[in-house]
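First residue of the sequence shown: 1, per UniProt numbering; consecutive thereafter.
In this text, a Cβ means the ideal position worked out from N, Cα and C, and glycines have one as well.
Given the structure is predicted, the values throughout are model-derived calculations rather than measurements.
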Amino acid sequence: MSLSCSTLFLCKEGYMETTIHRWVSLKPVHARLEQEDFFYLLYEKSREPEMALWNWTEQEKKTFLRMQYDFQCRSYQWQYPNLVGRMIHYRGQPVGKLVTVCGDRELRLIDLIIHPDFQGLGIGTSVVVKLQHEARVRRMPLGLSVQSHNMRAYKWYVKLGFEKVLEHEAYISMHWVPSIQVKSKS
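1) What does a CB cutoff of less than 7 Å around residue 40 pick up in its chain, not counting 5 residues either side in sequence?
2) Report the option in 100, 95, 102, 139 whose CA atom is closest to the CA atom of residue 43.
3) Are residue 143 and residue 108 closer than 8 Å when you measure CB to CB?
4) For the candidate residues 37, 106, 65, 166, whose alpha-carbon lies nearest to that of residue 132?
5) What is the rounded straight-line gap between the Cα of residue 35 and the Cα of residue 88?
6) If you check the beta carbons only, do residue 97 and residue 113 fall under 8 Å apart?
7) CA-CA distance, residue 59 and residue 51?
8) Measure the C-alpha to C-alpha separation of residue 3 and residue 79 and round it to an integer number of angstroms.
9) Can you tell me where the alpha helix (DSSP H) holding residue 133 begins and where it ends?
10) If you follow the alpha helix (DSSP H) that residue 152 is part of, which residue opens it and which one closes it?
11) Comparing C-alpha positions only, which one of 173, 54, 49, 27 sits nearest to residue 91?
12) Could you say which of 139, 115, 123, 93 lies nearest to residue 103 if we only look at CA atoms?
13) Taking C-beta to C-beta, are residue 76 and residue 110 nearer than 8 Å?
14) Taking buried to mean at least 16 other C-beta atoms within 10 Å of its own C-beta, is residue 214 buried or exposed?
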C-alpha cells in the first residue's frame with residue numbers, strides 16, 4: 001500500500017491557514033482525495049513542456065508521469081521526514097503547492113508549483129517573500145534546488161536575492177541569506 005502525497009504533506013501542529021498577501025493564502029494540507037488529485041494535476045502541468053519534446057503516446061506519458069510523481073512523493077518522505085505541505089490559494093481557489101522543511105541550520109524550500117494559468121500574478125513571489133521573512137525571523141538561510149534546464153525559475157530566484165551555491169548536472173543549489181541587523185549598545 002502506498003501513501004498518497006497529501007498524506008505525506010500533512011501539516012504539523014502549529015501550521016494554520018495564513019494570509020500572506022491580499023489575495024494569497026497558505027492552507028494546511030489535510031489528506032483528502034481532491035487535494036491529491038490537485039497535487040497530481042500540478043505535477044503533470046509542471047512537466048508538460050518536457051513531455052512535449054518526447055515522441056510518446058498519451059498513455060506512455062501518463063504512465064511515466066504517475067510513476068515519477070509516486071517516486072517523488074516517496075523520495076520526499078525518505079529525505080525529509082519533517083516536511084510540511086501547504087496548498088496555495090488565490091482568491092479562495094487552490095492554485096499551487098508549497099512544501100518546506102525546517103532543519104537545524106536551514107529553512108528549505110522543497111517544492112513550489114503554481115498552476116500555469118496563475119503564473120505571473122505575483123503569487124509565487126508572495127510565497128517566497130513570506131519564506132524569506134520566516135528565514136529572517138529564524139536567523140537561518142533559505143535553501144532550494146532548481147532544475148538546471150529551468151532557467152526561467154533560476155533567473156526568478158536570482159531576482160529574489162538567491163545565489164548559486166553548487167551546480168550539478170540536473171540541479172542548481174541556491175540559497176538566500178538574510179541580513180541580520182545587530183543593534184549596537186549605546
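The answer reads as follows:
1) 69
2) 95
3) yes
4) The candidate whose alpha carbon is nearest that of residue 132 is 106.
5) For residue 35 and residue 88, the distance between alpha carbons rounds to 11 Å.
6) yes
7) 12 Å
8) Confidence at residue 3 is low in this model, with a pLDDT of 43, below 50, so the placement of that residue should be treated as unreliable; the coordinate-derived value is given next. Going by the C-alpha atoms only, they are around 15 Å apart.
9) Residue 133: member of the alpha helix (DSSP H) spanning 123 to 138, first to last residue.
10) 151 to 159
11) 27
12) 139
13) Result yes, Cβ atoms of residue 76 and residue 110 sit closer than 8 Å.
14) Nothing can be reported for residue 214, as the shown portion of the chain is limited to 1 through 186.
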